[in-house]
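Residue numbers in the sequence shown follow the numbering used here, run continuously in steps of one, and reach 337 at the last position. Ideal placement from N, C-alpha and C gives every residue a C-beta, glycine not left out.
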Amino acid sequence: METRIRTADRDGERADAFLARTVEGLTRSAAQRLLEEGLVTLAGRPVQKNDRLRPGDTLRIELPEARPVDVRPQNIPLDVVYEDGDVIVVNKPVGMVVHPAPGHPDGTLVNALLYHCGTSLSGINGELRPGIVHRIDRDTSGLIIAAKNDRAHLALAGQLQDHTLSRVYRAVAAGRLRQDAGTVDAPIGRHPVDRKRMAVTPQGRPAVTHWRLLEELKGNSYVECRLETGRTHQIRVHLASIGHPLLGDTVYGNKKPYPGLEGQCLHAQKLRFRHPADGREVEAECPLPQWFEQILKKLRE
Numbered sequence: 037m038e039t040r041i042r043t044a045d046r047d048g049e050r051a052d053a054f055l056a057r058t059v060e061g062l063t064r065s066a067a068q069r070l071l072e073e074g075l076v077t078l079a080g081r082p083v084q085k086n087d088r089l090r091p092g093d094t095l096r097i098e099l100p101e102a103r104p105v106d107v108r109p110q111n112i113p114l115d116v117v118y119e120d121g122d123v124i125v126v127n128k129p130v131g132m133v134v135h136p137a138p139g140h141p142d143g144t145l146v147n148a149l150l151y152h153c154g155t156s157l158s159g160i161n162g163e164l165r166p167g168i169v170h171r172i173d174r175d176t177s178g179l180i181i182a183a184k185n186d187r188a189h190l191a192l193a194g195q196l197q198d199h200t201l202s203r204v205y206r207a208v209a210a211g212r213l214r215q216d217a218g219t220v221d222a223p224i225g226r227h228p229v230d231r232k233r234m235a236v237t238p239q240g241r242p243a244v245t246h247w248r249l250l251e252e253l254k255g256n257s258y259v260e261c262r263l264e265t266g267r268t269h270q271i272r273v274h275l276a277s278i279g280h281p282l283l284g285d286t287v288y289g290n291k292k293p294y295p296g297l298e299g300q301c302l303h304a305q306k307l308r309f310r311h312p313a314d315g316r317e318v319e320a321e322c323p324l325p326q327w328f329e330q331i332l333k334k335l336r337e
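Here it is as structure tokens:
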């Protein structure tokens, strides 16, 4: 499988770091293997892992045959919002983990997609599995897109990189926002002390969140957030950094759970992307889940 991916505006980044950062599901070690085996070229020349890339470089990637992954397909019902031979968009329920991990070996979205997709899978990390293009937290509900083949996976990863894959969220933030709209432009990286958390830090990666106030709710704010970048916990960290953590977020806000919430009040409502096969624009949208509607009703009373 051959594909091409174009670099963005970051100058001087190592090739292995660029591939691991840009392609969700491709680890740094897997990227280095591709480079060491001469499977990544630039203008016909094999790229080395420590080569520095320039804006506008186009990398040609030859992906090897993927091996089966040791993850069990499970017949878990999925709320499929859009699907074709290249991509699938699922409305993930709150509480579902995306990837198997210690403590969550099964019952995940990947387990469900392996069963649902059958042989239509991406092998971007050398393993035959659904190509999760971006992630949402376990306690965040809403839309998530997965690629069924490597070409689609890399094309969608490129759209994440150049910010043309649009993601819109609905959230309830604590406190009253003083403006009707705003932008948080602040780099996000690992917390310097608690490595399980993220934080706004000068050493972090660029992160931009645009927010818009939809409604004031009894000392809280119902907002719409549009991601320009996709860092871990981005909306949660950014809104907390301006003094308005998400309702129910016990990591970045009040340590006490909010009644009626399993976690933060956050829902991925809309996705828009260019189809990897023909370039047409695809829009997907899902309604607010019942638990979110109940929170809004409670706060309006």
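- Rounded to the nearest angstrom, the gap between the Cα atoms of D122 and A188 is 6 Å.
- F309 is bridged by DSSP to V318.
- Nearest in C-alpha terms to P129, of all of R336, R203, Q330 and L324, is L324.
- Taking all protein chains shown into account, R108 has fewer than 16 neighbouring C-beta atoms within 10 Å of its C-beta and is therefore exposed.
- Sequence-distant Cβ neighbours of L201 in its own chain, meaning closer than 7 Å and more than five residues away, are L192, Q195 and F309.
- By alpha-carbon distance to Y205, the top candidate from R214, T144 and L307 is L307.
- The alpha-carbon of A210 is positioned some 5 Å away from that of H280.
- Under the three-state reduction of DSSP output, L253 falls in the strand class.
- For A207, the uninterrupted beta strand (DSSP E) segment begins and ends at S202 to A210.
- In the structure shown, L75 adopts coil according to DSSP, grouped into three states.
- In this chain, the alpha helix (DSSP H) harbouring Y151 covers L145 to C153.
- CA-to-CA, the gap between T219 and G240 works out to about 17 Å.
- By the criterion of a C-beta distance shorter than 7 Å, V273 is surrounded in its chain by I224, M234, A235, V236 and Y288, once the five residues flanking it on both sides are discounted.
- Annotation for E119: no alpha helix (DSSP H) segment contains it, though the beta strand (DSSP E) segment containing it runs V116 to E119.
- DSSP places E98 within a strand segment (E or B) once states are collapsed to three.
- Taking C-beta separations shorter than 7 Å and ignoring five residues to either side along the sequence, the partners of D52 in its chain run R64, A67, Q68, L71 and K85, following chain order.
- Here the C-alpha atom of K292 lies approximately 11 Å from the C-alpha atom of E298.
- R108 has no beta-bridge partner at all, per DSSP.
- When the beta-carbon positions are compared, C322 and V208 stay at least 8 Å from each other.
- Collapsing the DSSP output to three states places E329 in a helix.
- For K128, the three-state secondary structure derived from DSSP is strand.
- Look at H135 here: in three-state DSSP terms it is coil, with no helix or strand label.
- Nearest to L282 by alpha-carbon distance, out of D230, R267, T265 and H303, is H303.
- Between the C-alpha atoms of A183 and V146 there is a straight-line separation of about 12 Å.
- Per DSSP, the beta-bridge partners of A235 are G225.
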